[in-house]
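> In order, the protein sequences belong to chains C and H. Positions 1 to 392 (our numbering) are the ones given, in order, by the first sequence. Positions 1001 to 1244 (our numbering) are the ones given, in order, by the second sequence. Every residue gets a Cβ at the ideal spot worked out from N, C-alpha and C, and that includes glycine. Would you mind keeping the following structure in view while I ask a few things?
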Amino acid sequence: MSGLTTVFLKEVRENVRDRRALFNSLLLGPLLFPLLFVGLMWFLESAERERQEQALELPVVGAEYAPSLIRFLEQQGTLIEAAPEDPEELVRNQEKPVILRILPEYPEKWAEGLPAPVEVISDPSRQESNAAIRRVKMLLSGYGSQIASLRLQLRGVSPQLASPVMIKDVDLSTPKSRAILAVIFLPYVLMITAFTGATHLAMDTTAGEKERKSLEPLLINPVPRWQIMTGKMVTTTVFAMASLALTLVSFRIVLPYMPIGAFGMDLTLGLDTLLRILLVIAPVAILAAALLTLLASFAKSYREAQSYMGLVILIPMIPSLIFMANPIRAEAWMMAVPLFSQNLLIGEIIREEVVPAAWYGLSIVSTLAIGLALAVMAATLYNRPKLIFGSS
Amino acid sequence: MIVVKDLRKAFGEVKAVNGVSFEARDGQITGLLGPNGAGKTTTLRMLYSLLPPDSGEIRIDGLDPTRDAMEIKRTLGVVPDSRGLYTRLTARENIVYYGELHGMGKAAIAERIEELTATLDMGDFIDRRTEGFSQGQRVKVAIARAMVHRPQTVLMDEPSNGLDVMSTRALREYVRSLRSAGHSVVLSTHIMQEVAALCDRIVIIAKGEVAADGTAEQLLERAGCESLEDAFVKLIGSEEGLLA
Chain C
1 MSGLTTVFLK
11 EVRENVRDRR
21 ALFNSLLLGP
31 LLFPLLFVGL
41 MWFLESAERE
51 RQEQALELPV
61 VGAEYAPSLI
71 RFLEQQGTLI
81 EAAPEDPEEL
91 VRNQEKPVIL
101 RILPEYPEKW
111 AEGLPAPVEV
121 ISDPSRQESN
131 AAIRRVKMLL
141 SGYGSQIASL
151 RLQLRGVSPQ
161 LASPVMIKDV
171 DLSTPKSRAI
181 LAVIFLPYVL
191 MITAFTGATH
201 LAMDTTAGEK
211 ERKSLEPLLI
221 NPVPRWQIMT
231 GKMVTTTVFA
241 MASLALTLVS
251 FRIVLPYMPI
261 GAFGMDLTLG
271 LDTLLRILLV
281 IAPVAILAAA
291 LLTLLASFAK
301 SYREAQSYMG
311 LVILIPMIPS
321 LIFMANPIRA
331 EAWMMAVPLF
341 SQNLLIGEII
351 REEVVPAAWY
361 GLSIVSTLAI
371 GLALAVMAAT
381 LYNRPKLIFG
391 SS
Chain H
1001 MIVVKDLRKA
1011 FGEVKAVNGV
1021 SFEARDGQIT
1031 GLLGPNGAGK
1041 TTTLRMLYSL
1051 LPPDSGEIRI
1061 DGLDPTRDAM
1071 EIKRTLGVVP
1081 DSRGLYTRLT
1091 ARENIVYYGE
1101 LHGMGKAAIA
1111 ERIEELTATL
1121 DMGDFIDRRT
1131 EGFSQGQRVK
1141 VAIARAMVHR
1151 PQTVLMDEPS
1161 NGLDVMSTRA
1171 LREYVRSLRS
1181 AGHSVVLSTH
1191 IMQEVAALCD
1201 RIVIIAKGEV
1211 AADGTAEQLL
1221 ERAGCESLED
1231 AFVKLIGSEE
1241 GLLA
């Protein structure tokens, strides 16, 4: 086993001196993702607040047909604007998010007690106009129900008869379980980090060694090839783990600067939580190191290996993307599926749910089993002379 | 002492080595001479057990590379065609790495490196990172790395490739010193002057087969030529590869 240790120590020393390795494994993930996360949250929150606080500017066509509706809107703080020439064109050109048109038959229908027609002209496929559309519709239905109550009272009918069902919200979610964005985002980031942290090392120690022509002399040494390969994979795993640990630490540092409240989030990562997440994700680092080493061993050069990696990096994204589109409840059998189980478990840990110990065990064991199987394949790969010499 | 008998290796349709036999004795320098693509490198790779032969027999001090790979690797010092130094490590660290892979202790490695640094005149650059080393410096480090465990048998693939005159002289001097110390040295080359200047025994390889085998005098006599170059052309039957 001393051969394995020797290879491991040399790879660590060599890669610690490699700026590209340090940047890729220890800087990019740990720095980029948390900053991206916080930046995104700030942006979303401030955009949302702006939209809520801003006075609603509403151009109205045919305001003269419904003076009482206009008065109501103004009382609610709406800035009524003069009628534009071509409202549809204005909305289509995105100059106004929403325009109200009161039709000429409005007064007639109103007088007869029939539904009086108004048109809300908008393009709901434009995300940014949705807030304005929602506000206009809420104001209109508010006006509608106010008038409805008055009409019923005038006819001696209790308005309560018109609302047979009363809806009350009983909200049992805790601030933690509302940290939905974090529950989706953090496992996603960690899963990618496990892979990005391993990528450079996996390529440098295999395809890179082949490209620099140092693989052939290395294999002439009296050390079994599986020990050499395992030494390399251990190095790759250690870098991936370091990358993960640093990412978690940097999340912990930036979280207090997060805009809390807008999303109902109360998320602190205690040491206990961090360690549990690390325990859950550690087998993924081994799996990633083995898988990436296996693939990179087939490549003749660093560049060729890189072209494979672009596809591999999609793998850790799959579970997160599935959960984003279709959130599911964690069940025991899912713990046997690598990457899925970590995604679910980290979500549960952040929500501070109680997770059965067997789930942890199943997740760790199943992921380790596949990781080690891949590692065994990678370790024996260089028994094939074809892969040692590449094209020559 | 190396004994090779009827060695064969094919890659698909290409018969890279097609029945090579020769002997390399201790205290002698044996040159494998042949044009590019003649099968020299493939033969060497089978000797240092990275390629399994299709058929034939190899014995290095009585050991068989296909069965005693680990044992053979301990007795061999190999300077392959690809020097492949680690550029982020110093020359010394490169050599230490190989010493450790051979299971040597720290003190033994340090002592051996002192010795090799003096012999190969590496004092100026032994503690520099090998990034940007000249060809001559790189070959010296590659040799030191191959010799760190004091191997009895030394295999060198095109050792003077890319070296200037001074480095080539130093290299030849070192190879001769190995002969005096009783090592068995096998070097492959396509350069006539090299074998003429160095080798006790010349094995001419062409198209995967041994075209001729003997001392320089014997080869001249057999070909009936004045110069080794003419003899070489005559013996391999073409001028192909000579200018490479």
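What separation, rounded to the nearest whole angstrom, lies between the Cα atoms of Ala-1212 (chain H) and His-1102 (chain H)?
36 Å
> With DSSP as the reference, label Ala-1010 (chain H) as helix, strand or coil.
For Ala-1010 (chain H), the three-state secondary structure derived from DSSP is strand.
> Report the residue from C:Glu-64, C:Asp-18, C:Leu-79, C:Ala-47 whose alpha carbon sits nearest the alpha carbon of Tyr-1086 (chain H).
C:Asp-18
> Excluding the 5 residues preceding and the 5 following Pro-84 (chain C) in the sequence, name in chain order all residues of the same chain whose CB lies nearer than 8 Å to its CB.
Pro-59, Val-61, Leu-90, Lys-96, Ile-99
> Spell out whether any CB of chain H is found under 8 Å from the CB atom of Gly-208 (chain C).
no
> Counting C-beta neighbours from all protein chains within 10 Å, is the total for Phe-8 (chain C) 16 or more, i.e. buried, or is it exposed?
buried
> Using 8 Å as the limit for Cβ to Cβ distance, is Arg-92 (chain C) near chain H?
No - not a single Cβ of chain H is within 8 Å of the one on Arg-92 (chain C).
> Determine the direct distance from the alpha carbon of Thr-5 (chain C) to that of Asn-1161 (chain H), and round the result to whole angstroms.
34 Å
> Closer than 7 Å by beta-carbon distance: list the chain H residues that pair up with Leu-219 (chain C), in chain order.
Leu-1050
> Going by DSSP in three states, Thr-6 (chain C) sits in which element: helix, strand or coil?
helix
> What are the partner residues of Lys-1015 (chain H), as DSSP defines its beta bridges?
H:Ala-1010
> State whether the segment 1168 to 1176 of chain H contacts the segment 1203 to 1218 of chain H, with contact taken as three or more CB pairs (one from each stretch) at a distance under 8 Å.
no
> On the DSSP bridge assignment, give the partners of Leu-1155 (chain H) in chain order.
The partner list for Leu-1155 (chain H) (beta bridge, DSSP) reads H:Val-1078, H:Val-1186.
> Find out if the Cβ-Cβ distance for the pair Gly-1132 (chain H), Arg-1112 (chain H) is shorter than 8 Å.
Result no, Cβ atoms of Gly-1132 (chain H) and Arg-1112 (chain H) do not sit closer than 8 Å.
> Comparing C-alpha positions only, which one of H:Ala-1069, H:Ala-1010, H:Gly-1214 sits nearest to Val-1195 (chain H)?
H:Gly-1214
> With a threshold of 16 other CB atoms inside 10 Å of the CB of Phe-340 (chain C), please say whether the residue is buried or exposed.
buried
> With a threshold of 16 other CB atoms inside 10 Å of the CB of Gln-54 (chain C), please say whether the residue is buried or exposed.
exposed
> Glu-1100 (chain H) CB to nearest chain C CB: under 8 Å?
A Cβ of chain C is located within less than 8 Å of the beta carbon of Glu-1100 (chain H).
> Looking at the structure shown, is Pro-168 (chain C) part of a helix, part of a strand, or coil, going by DSSP?
For clarity, residue 168 (chain C) is Lys in the given sequence; the question names Pro instead. Coil at Lys-168 (chain C), not helix or strand.
> With a CB to CB cut of under 6 Å and the five nearest residues on each side skipped, what residues in its chain are close to Ala-63 (chain C)?
Ile-70
> Does any residue of chain H have a CB that is nearer than 8 Å to the CB of Arg-212 (chain C)?
yes
> Just verifying my parser: in three-state terms, what is the DSSP assignment at Lys-1106 (chain H)?
Here Lys-1106 (chain H) sits in helix by DSSP.
> Assign Ile-318 (chain C) to one of two classes, buried (16 or more other C-beta atoms within 10 Å of its C-beta) or exposed (fewer than that).
exposed
> Please report the distance separating the alpha-carbon of Arg-1128 (chain H) from that of Val-1078 (chain H).
23 Å
> Could you tell me how far apart the beta carbons of Met-233 (chain C) and Ala-21 (chain C) are, in whole angstroms, since I believe they sit closer than 8 Å?
Rounded, the Cβ-Cβ distance is 15 Å, inconsistent with contact.
> Could you tell me which residues DSSP puts in a beta bridge with Leu-1033 (chain H)?
Per DSSP, H:Thr-1189, H:Ile-1204.
> Taking Cβ to Cβ, would you say Asp-1081 (chain H) is nearer than 8 Å to Asp-1164 (chain H)?
no
> Val-355 (chain C): which of C:Ala-330, C:Ser-145, C:Ser-2, C:Leu-44 sits nearest, CA to CA?
Minimum Cα distance to Val-355 (chain C) is reached at C:Ala-330.
> At a Cβ threshold of 8 Å, is Met-1070 (chain H) touching chain C?
Interface residue, yes.
> Can you tell me whether Asn-1094 (chain H) is buried or exposed? The criterion is at least 16 other CB atoms within 10 Å of its CB, across all chains shown.
buried
> List the residues of chain C whose Cβ lies closer than 7 Å to the Cβ of Arg-1138 (chain H), in chain order.
Chain C residues near Arg-1138 (chain H): none, gap ~11 Å exceeds 7 Å.
> State the DSSP-derived secondary structure class of Asp-272 (chain C), mapped to helix, strand or coil.
helix
> Round the Cβ separation of Leu-1076 (chain H) and Pro-1151 (chain H) to the nearest angstrom and send it over; I've been treating them as touching at under 8 Å.
Rounded, the Cβ-Cβ distance is 5 Å, consistent with contact.
> For the beta strand (DSSP E) that Gly-1084 (chain H) lies in, which residues bound it at each end?
Run containing Gly-1084 (chain H): none; DSSP gives neither H nor E here.
> Would you please state the rounded distance, in angstroms, between the beta carbons of Gln-94 (chain C) and Arg-126 (chain C)? I believe it to be under 8 Å.
7 Å
> In three-state terms, what does DSSP make of Leu-1050 (chain H)?
coil
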